[in-house]
Every structure is written in C-alpha cells, then in structure tokens.
Amino acid sequence: MNAIIPPPLTMPFPLPHTRGVPHGEPRLLEETVRLGMPQLALGGLSEGWLLKDLGHRHWMMLAAMAGRTVPDFRDIDGAPVYAAFSALAIRDARFAELGENDVLAIRSSIARISRTQCASRHVLSRAGEAMGTVELVSAFVRRGAGGGNHQVARVALEGFPPPAAASSAPSTATPANSLADRAAALRARRLEHYFGFDLAAAAGEADPFIEIDPCPAQDFNGAGFLYFASFVSFIDRAEWHFDGRQAPRAATLRRDVFFHANADPGERVRVRWLGQRRGDGRLAHHCRLERMSDGTRLAEAFTLRAV
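Residues 1 to 307 in the UniProt record's numbering are what the sequence shown spells out, letter by letter.
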C-alpha cells in the first residue's frame with residue numbers, strides 16, 4: 001500500500017507501554033470465531049474475511065503496543081498516520097476443510113521489527129489442529145501534501161517498544177529470510193527467482209492482463225486507501241479468468257503478496273498474468289498489479305491453490 005520515497009520522520013509520542021507486558025516483547029491475542037456465512041466462501045474459509053479481520057487485529061494490537069485504547073495515531077501537525085501493509089504471507093493453509101459452525105481459534109502476536117515496521121503472526125487452528133498461519137508486515141505512513149494515495153511516506157513513531165530480538169519476533173523464519181527482508185529485496189529487484197518463477201523476465205505489453213475498475217464502496221477502506229484485501233480479490237478474479245473458470249472451489253494453500261504503491265478512487269488497475277504452473281491438483285501463479293494511468297507497480301503476488 002505504501003509508495004515510500006522520502007526518509008522516515010520521527011514523531012514525538014511519549015506513550016506508556018502495554019501494562020503487564022515486558023518492554024519489547026511481542027503482544028499476544030487469542031480469540032475464537034464460530035464460522036458462518038460472513039466468514040465462509042464457496043471453497044471454505046473466506047480469505048477476504050480473514051485478511052480483513054487479521055488486518056483489524058494487527059491495527060488494534062499496534063494500539064495496545066503503544067499503550068493506547070484506540071489506534072488513533074497522528075503526526076505533529078495532527079494529520080492521520082496509518083499502518084500500511086507492505087507484505088503478507090499465508091502458509092500451510094487448510095481453508096477448504098473449514099465449514100459452517102466450526103470454531104476457528106486465532107492466536108495473534110505482534111512485534112516491532114525495525115524502526116518503521118511491525119510484523120504480526122496469526123496462527124489458525126480448529127479443535128487444536130493447525131489450519132494455517134498468516135503473517136502481516138506494516139509500516140506507519142502518512143499522505144503527502146496533495147492528500148492522494150500516490151505519495152505517502154513512512155513515519156517512525158516514538159512511544160513503541162524497541163525492535164524485538166530475532167528470537168521473539170513473530171516469525172519462524174530467520175532474520176535474513178524474514179518476510180520483511182523478502183519484501184525489501186523484491187521491491188529493490190534484487191531477486192531473480194521467487195516461488196519458482198523467473199523474475200528477471202520483464203513484464204511487457206504482450207503479457208495477458210485483465211482490467212479492473214475498483215469500486216469505492218467495496219474496495220477502498222475507511223482511510224481512503226485501496227484496501228490490501230481488495231488486492232487479493234483482484235488476483236482471484238484474474239485466476240478465475242486466466243485459468244479458464246475451471247476451479248470454482250479453488251482454495252489457497254500458500255500466498256505471498258508484496259505491496260508497493262496504492263491507487264485513488266476512480267483509477268483502474270491492471271492485473272498482469274505473468275506465469276502459471278498447473279498439475280496434480282495444484283495451480284501456482286505469479287501476478288503483478290499496476291495502475292493503468294501510469295503503469296506504476298502496485299503489488300507482486302505469488303499464489304499456490306488447491307484446484
């Protein structure tokens with residue numbers, strides 16, 4: 001979501017730390033949800049619902065980390081500061097096995113991983129059986145003087161614990177291979193291969209794509225940004241189109257999405273279909289989302305689905 005160009009700014013927030021939680025330790029949250037129609041899709045657990053719910057948990061846990069009851073962050077001028085997601089990763093997902101009236105347990109942890117970034121990890125289970133994990137990485141951002149979504153800058157807020165040690169960060173990956181590091185490497189175009197796809201092959205006009213006209217009432221959040229969960233819905237629409245409408249009950253097994261920029265209401269989005277592999281009941285694909293107005297890369301997505 002964040003097109004991050006200017007250097008980070010530090011805003012003075014002399015906030016207390018969450019009571020009862022040691023300074024610098026990850027914050028923990030455990031809840032259960034009885035699944036019904038709002039939480040389900042044709043192929044099992046609704047990924048759209050899940051991402052929105054986990055995004056909200058991430059936001060509320062940021063507030064708790066800063067000792068706040070509500071997540072109302074502002075810069076020194078009083079302008080709103082938001083947590084923009086820069087990456088998400090879904091692993092070992094068993095969404096197709098979840099159905100109506102199942103009780104989904106979500107164990108969430110969050111930690112500051114750098115001066116400007118926080119990462120949350122959400123472990124899903126049903127009756128003690130693992131159903132997948134989701135990791136989200138965010139950075140605090142504020143809009144530029146124009147107020148649109150094309151120019152936002154990272155903001156380093158004070159009043160938070162120092163970055164967590166590698167052993168306590170909410171990830172099982174090593175620091176060198178963390179989601180945040182992979183996002184930075186991909187953004188800087190330092191990776192040649194990912195998810196088994198060749199990233200060195202530049203996308204061109206010959207690559208197939210679909211055009212999407214995001215709906216302000218459905219695809220943008222209350223802060224006016226094109227919501228990160230909407231990016232995933234656009235990817236699924238591209239899959240439905242380019243895979244020949246073969247798998248109405250396709251379910252995500254693994255997905256990595258790296259967000260680079262955002263779009264304003266009224267701007268169209270192009271989803272390029274850059275590669276796919278299909279076989280043995282699995283479909284892997286690589287997509288790139290771009291603003292049609294100027295070709296700016298909005299996100300890069302890698303998905304493995306059970307079909």
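Ideal Cβ placement from N, Cα and C applies to all residues, glycine included.
Whether residue i touches residue j by CB criterion (8 Å)
i      : j      : result
PHE85  : GLY44  : no
ALA153 : GLY144 : yes
PHE258 : ALA299 : yes
LEU226 : PRO208 : no
ARG121 : SER109 : yes
ARG142 : ASP243 : no
PHE160 : GLY55  : no
LEU136 : ALA119 : yes
ARG272 : ARG288 : yes
HIS58  : ALA83  : yes
Residue i - containing alpha helix (DSSP H), residue span
i      : result
PHE242 : 228 to 242
GLN218 : 216 to 219
ALA185 : 179 to 187
Residue i to residue j span [Cα, whole Å]
i      : j      : result
SER293 : ALA184 : 25 Å
ALA127 : ARG254 : 22 Å
ASP264 : GLU30  : 35 Å
THR303 : ALA180 : 18 Å
GLU25  : ALA111 : Low confidence applies to GLU25: its pLDDT is 49, below 50, so where it sits in the model is not reliable enough to give any reading.
VAL199 : LEU274 : Just to set this straight, residue 199 is Leu in the shown sequence, not Val. Approximately 9 Å between the Cα atoms of the pair.
LEU88  : THR133 : 11 Å
VAL269 : VAL155 : 27 Å
THR296 : GLN151 : 12 Å
LEU157 : ALA79  : 13 Å
Burial state of residue i (16 or more Cβ within 10 Å)
i      : result
THR172 : Residue confidence is low: THR172 scores 42 on pLDDT, short of 50, so the model does not pin down where it sits. Its coordinate-derived value is still stated next. Exposed is the call here.
HIS286 : buried
THR252 : buried
GLN39  : buried
GLN246 : exposed
Boundaries (first-last residue) of the beta strand (DSSP E) holding residue i
i      : result
ALA63  : Not the beta strand (DSSP E): ALA63 falls in the alpha helix (DSSP H), residues 47 to 65.
GLU211 : 209 to 212
PHE225 : Here PHE225 belongs to no beta strand (DSSP E), and DSSP marks it neither H nor E.
For this session: Scan the region 250 to 293 and note each continuous beta strand (DSSP E) run of 3 residues or more that stays entirely inside, going in chain order.
Result: 251 to 259, 269 to 279, 282 to 291
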